[in-house]
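>
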DNA sequence: ATCGTTACCGGGAACGATTGCGTAAAAAAA
DNA sequence: TTTTTTTACGCAATCGTTCCCGGTAACGAT
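Protein chains in written order, with the working numbering: chain A, 180 to 531; chain B, 180 to 531.
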């Protein structure tokens, strides 16, 4: 089954002109008489002519499409980012091809090869938790493929990057927990190789130290798949509670980890914040409806997508190789709700 | 800035062969000697040759890409569906271009034109709530563009469709409310033009009638934008509560409406299910963590995406025009949780 | 009458890959 | 040895579009 489109040849034949003339008439060239132009334009309109973008891509050696690789789209943060990416891309005549790594380095590489073989003009990437070898990224980048990293960036590759101040986000969240009166604050974070995991962990540690609380390694748990696998989070929580230092609060450093922790804590029959406080990074718009309403650190996801895309288009459309790269750092938002309200505090409130 | 890829010409020149020979060698043609093949294959591997898909698309008049139009991707149901679509598409060498209508008929048309001008080989569509004129769909379909509708389908266009038994889903949900002891059951649904809205409303009505409960029109509220605009849901709820027949339960017939209702009810200080019961269609994986845990009707979203894609690929790859279309109807899943537990019932449970 | 200019338009190569057809050389059959 | 067949490869067209060259009128100036 074929969908046959109208070509410039059809117009040329019908009007007794050459394809060159038709092409020029359509592009409003000065070498074509007004009458011919009118003729061509009207006929093109009539038969609903649209230039074949594939032929154009071949000719101009660009596809006007950009590739996006994220771990998964069924994730509030990423779907919001993609919204931002799309809005800018579409306004500039680019289309967006989305691929998911599902936190697998293999799938990520496959997607990468697939997208480049599809000749995308550029890439917007948030790397998977599993990725250790950035050789292919580097090779691509060295060969001139425009790449913008966001969220989970690759430090050793020099290109545009868009992130939030993860250190500050984590610092603020942890400080908030301290101020609420929590003492044994644990953290559940992403694979340690991830830039965001490192930064958020650093923020967590700094906040504890600055508040005179000792950092205990046994209160720091890593989830290699960023919470995509429930068992992983379950294991982390179990370990936390079987340690000598039982935590009285948890700072979760990623979307899936935050809701994952809540799920496991409830499954274990623990009350939040009664038995344990919880705060985490999240971009879900359902967090305030949860039981309990979750205190979260929220990222400006849509804006991040917009900025990343603008930077990428800048790279793509630049005449000469860009060497001056920038890293845009946005700020997170701390939303305080029930899940970090310590019991004593609650009691006090009721009394007053 | 350009990303220069290796072409068949580069290989030909380097090896002193013609492009035809190289092409045939790469495709393992019988007319090429084993030695030449080996030579070409090894060199191609060495310089990391990948055929240019754009050139192939031009030659074969197919792009090996499919377009998907949904109202928004930051929606559990649709992002899960897209996961299903992608998994099948990628396995078959197709890529997926996603576009969002954001419930606007204009944007939908724009996306449609954009995708077809991008020469996608086929389309998978869930129409927007606003769409009234299906002329463009029809035209495209008549001109041979393979289209598969899912979820929100277009009855008057004969092609493959993938839906759930919306009538039964709504019937089951409403029946469940009746069995819980609710008497004045309201429904908040999508724009009445949508296939799913009609079917779910019919299921709701039938369940009431079959249980000897009268259907009151003032207990039926429509949201033109399917809950994307909060004010819309707020207005619906306000109207319900200002009517003579104050509802004691609500059946929400779409993802955003379900969580939207919960949000508004809580904002109004109403307790669920204490003051009012709530059940609705939803595919969010957070519903059981909500306050209260939400009773929902869940659709097999991933599977729907898979089936839709398989059907589309079937259409695309069919040699002759397909005239025998099918509508796949899957079944929904009813998950009963706290939000539909009527107070009396609760009391009884505690007593026993 | 000849030249220069302007205005319009067509031929054909190119983008990268595939493929039908033609053909030289080598191998097999006569 | 001659003829036939097979093997192995190149030429050129094709997909839809753009664009570099040309080319040809018409017209005014010389």
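Glycine included, C-beta positions come from ideal geometry on N, C-alpha and C.
Is the region 249-260 of chain A touching the region 203-215 of chain A in the sense that three or more CB pairs, one from each, lie closer than 8 Å?
The region 203-215 of chain A, when compared against the region 249-260 of chain A, does not touch it at the 8 Å Cβ threshold.
> Buried or exposed, going by whether 16 or more other CB atoms sit within 10 Å of the CB of residue 502 of chain B?
On the second chain, residue 502 of chain B is found 323 positions in, with the first residue counted as 1. Exposed, since its Cβ has fewer than 16 Cβ neighbours within 10 Å.
> Going along the chain, which residues of its own chain have a beta-carbon closer than 8 Å to the beta-carbon of residue 531 of chain B, five neighbours each way excluded?
The sequence position of residue 531 of chain B within the second chain is 352, counting from 1. Summary for residue 531 of chain B: the model assigns pLDDT 49, below 50, so the residue's position carries little reliability, and this model does not support an answer.
> Around the Cβ of residue 346 of chain B, are there at least 16 other Cβ atoms within 10 angstroms (buried) or fewer (exposed)?
Stepping through the second chain from its first residue, residue 346 of chain B is reached at position 167. Buried.
> For residue 226 of chain A, which three-state DSSP category applies?
Stepping through the first chain from its first residue, residue 226 of chain A is reached at position 47. Looking at residue 226 of chain A - three-state DSSP - the assignment turns out to be coil, as it is neither helix nor strand.
> Using a beta-carbon distance below 9 Å, is residue 394 of chain B in contact with chain A?
Along the second chain, one-based indexing puts residue 394 of chain B at 215. By this cut-off, residue 394 of chain B is not an interface position.
> Check whether the Cβ atoms of residue 281 of chain A and residue 305 of chain A lie closer than 9 Å to each other.
Residue mapping note: residue 281 of chain A aligns to position 102 of the first chain, counting from 1. Residue mapping note: residue 305 of chain A aligns to position 126 of the first chain, counting from 1. It is not a contact, given that the beta carbons lie outside the stated cut-off.
> Which residues does DSSP pair with residue 459 of chain B in a beta bridge?
Here residue 459 of chain B refers to the residue found at position 280 when the second chain is read from its first residue. Partner(s): B:431, B:475.
> Output the distance between the C-alpha atoms of residue 524 of chain A and residue 442 of chain A, rounded to the nearest integer angstrom.
Residue mapping note: residue 524 of chain A aligns to position 345 of the first chain, counting from 1. Residue mapping note: residue 442 of chain A aligns to position 263 of the first chain, counting from 1. Confidence at residue 524 of chain A is low in this model, with a pLDDT of 49, below 50, so the placement of that residue should be treated as unreliable; the coordinate-derived value is given next. Computed Cα separation, rounded: 24 Å.
> Please list, in chain order, all residues of the same chain as residue 392 of chain A whose beta carbon is under 8 Å from its beta carbon, the five residues on each side excluded.
On the first chain, residue 392 of chain A is found 213 positions in, with the first residue counted as 1. For residue 392 of chain A, where only same-chain residues beyond five positions count, the Cβ hits under 8 Å are 357, 362, 364.
> How is the beta strand (DSSP E) around residue 290 of chain A delimited, first residue to last?
Here the question's residue 290 of chain A lines up with position 111 in the first chain. No beta strand (DSSP E) holds residue 290 of chain A; the alpha helix (DSSP H) holding it covers 284-296.
> Residue range of the alpha helix (DSSP H) that residue 345 of chain A falls in?
Working through the first chain from its first residue, we reach residue 345 of chain A at position 166. First-last of the alpha helix (DSSP H) with residue 345 of chain A: 345-358.
> Scan the region 317-341 of chain B for residues whose Cβ lies nearer than 7 Å to a Cβ of chain A and list them as they occur along the chain.
Answer in chain order: 322, 323, 324, 325.
> So, helix, strand or coil for residue 241 of chain B, using DSSP?
In the second chain, residue 241 of chain B corresponds to position 62, counting from 1. The answer is coil: DSSP assigns residue 241 of chain B none of H, G, I, E or B.
> What does DSSP give as the partner residues of residue 339 of chain A in its beta bridges?
As a first step, residue 339 of chain A must be located in the first chain, where it is residue number 160. Bridge partners of residue 339 of chain A: A:327.
> Within its chain, find whatever has a CB closer than 7 Å to the CB of residue 384 of chain A; leave out the 5 residues flanking it on each side and keep chain order.
Position 205 of the first chain, counted from the start, is the residue given in the question as residue 384 of chain A. Same-chain partners within the cutoff: 394.
> What is the DSSP secondary structure of residue 317 of chain A, reduced to helix, strand or coil?
What you label residue 317 of chain A is simply residue 138 of the first chain in a count that begins at 1. Helix at residue 317 of chain A.
> Apply the 10 Å Cβ neighbour rule to residue 290 of chain A and answer buried if 16 or more other Cβ atoms are within range, or exposed otherwise.
Residue 290 of chain A sits at position 111 when you count from the first residue of the first chain. That one is buried.
> Check the Cβ of residue 265 of chain A against every Cβ in chain B and list those closer than 7 Å, keeping chain order.
Counting from one through the first chain, the residue named residue 265 of chain A turns up at place 86. The contacting residues are 279.
> Anyone know if the C-beta pair for residue 301 of chain B and residue 263 of chain B falls short of 9 Å?
Taking the first residue of the second chain as 1, we reach residue 301 of chain B at position 122. Taking the first residue of the second chain as 1, we reach residue 263 of chain B at position 84. Contact flag unset, no.
> Can you pull the chain B neighbours of residue 470 of chain A, defined as C-beta to C-beta under 8 Å?
Indexing the first chain from 1 puts residue 470 of chain A at position 291. Correct list: 468, 469, 470, 471, 472.
> Could you check whether residue 326 of chain A and residue 342 of chain A sit closer than 9 Å to each other, using their CB atoms as the reference points?
One-based indexing of the first chain puts residue 342 of chain A at position 163. One-based indexing of the first chain puts residue 326 of chain A at position 147. For residue 342 of chain A and residue 326 of chain A, no; Cβs fall outside 9 Å.
> Tell me the rounded alpha-carbon separation between residue 349 of chain A and residue 287 of chain B.
Start at 1 with the first residue of the first chain, and residue 349 of chain A comes out as number 170. Start at 1 with the first residue of the second chain, and residue 287 of chain B comes out as number 108. Distance between the alpha carbons of residue 349 of chain A and residue 287 of chain B: 40 Å.
> Does any residue of chain A have a CB that is nearer than 9 Å to the CB of residue 226 of chain B?
Residue mapping note: residue 226 of chain B aligns to position 47 of the second chain, counting from 1. Not one chain A Cβ lies under 9 Å of residue 226 of chain B.
> In whole angstroms, give me the CA-to-CA distance for residue 484 of chain B and residue 465 of chain B.
By 1-based counting over the second chain, the position of residue 484 of chain B is 305. By 1-based counting over the second chain, the position of residue 465 of chain B is 286. Rounded to the nearest angstrom, the two C-alpha atoms are 21 Å apart.
> With distances taken between CB atoms, is the gap from residue 284 of chain A to residue 312 of chain A smaller than 9 Å?
Start at 1 with the first residue of the first chain, and residue 284 of chain A comes out as number 105. Start at 1 with the first residue of the first chain, and residue 312 of chain A comes out as number 133. Taking 9 Å as the Cβ cut-off, residue 284 of chain A and residue 312 of chain A qualify as a contacting pair.
> Compare the Cα-Cα distances from residue 190 of chain A to each of A:406, A:445, A:223, A:404 and report the closest residue.
For this step, residue 190 of chain A is matched to residue 11 along the first chain. Checked all of A:406, A:445, A:223, A:404; the closest Cα to residue 190 of chain A is A:223.
> Can you give me the start and stop residues for the beta strand (DSSP E) that residue 369 of chain A sits inside?
Against the first chain, residue 369 of chain A aligns to sequence position 190. Element bounds for residue 369 of chain A: 364-369.
> Does chain B have any CB closer than 9 Å to the CB of residue 292 of chain A?
Residue numbering aside, residue 292 of chain A sits at position 113 when the first chain is read from its first letter. With 9 Å as the cut-off, residue 292 of chain A counts as an interface residue toward chain B.
> Do you know whose CA, among A:515, A:486, A:516, lies nearest residue 505 of chain A's CA?
Against the first chain, residue 505 of chain A aligns to sequence position 326. The option with the nearest alpha carbon to residue 505 of chain A is A:486.
> For residue 493 of chain A, name the three-state secondary structure that DSSP assigns.
Here residue 493 of chain A refers to the residue found at position 314 when the first chain is read from its first residue. Helix, per DSSP.
> Can you name the start and end residues of the alpha helix (DSSP H) that residue 361 of chain A belongs to?
Position 182 of the first chain holds residue 361 of chain A. Note, residue 361 of chain A: premise wrong, no alpha helix (DSSP H); not H, not E.
> Look up residue 400 of chain A in the DSSP assignment and say whether it is helix, strand or coil.
The sequence position of residue 400 of chain A within the first chain is 221, counting from 1. Residue 400 of chain A: strand per DSSP, three-state reduction.
> Is there a C-beta anywhere in chain A that falls below 9 Å from the one on residue 230 of chain B?
In the second chain, residue 230 of chain B corresponds to position 51, counting from 1. Output row for residue 230 of chain B: interface = yes.
> Residues in the region 429-447 of chain B with C-beta within 8 Å of chain A's C-beta atoms, listed in sequence order?
Correct list: 438, 441, 442, 445.
> Quick test of your reading: residue 406 of chain B and residue 435 of chain B, contact by CB under 8 Å. State the CB separation rounded to the nearest angstrom.
Residue numbering aside, residue 406 of chain B sits at position 227 when the second chain is read from its first letter. Residue numbering aside, residue 435 of chain B sits at position 256 when the second chain is read from its first letter. That pair is a contact at about 3 Å.
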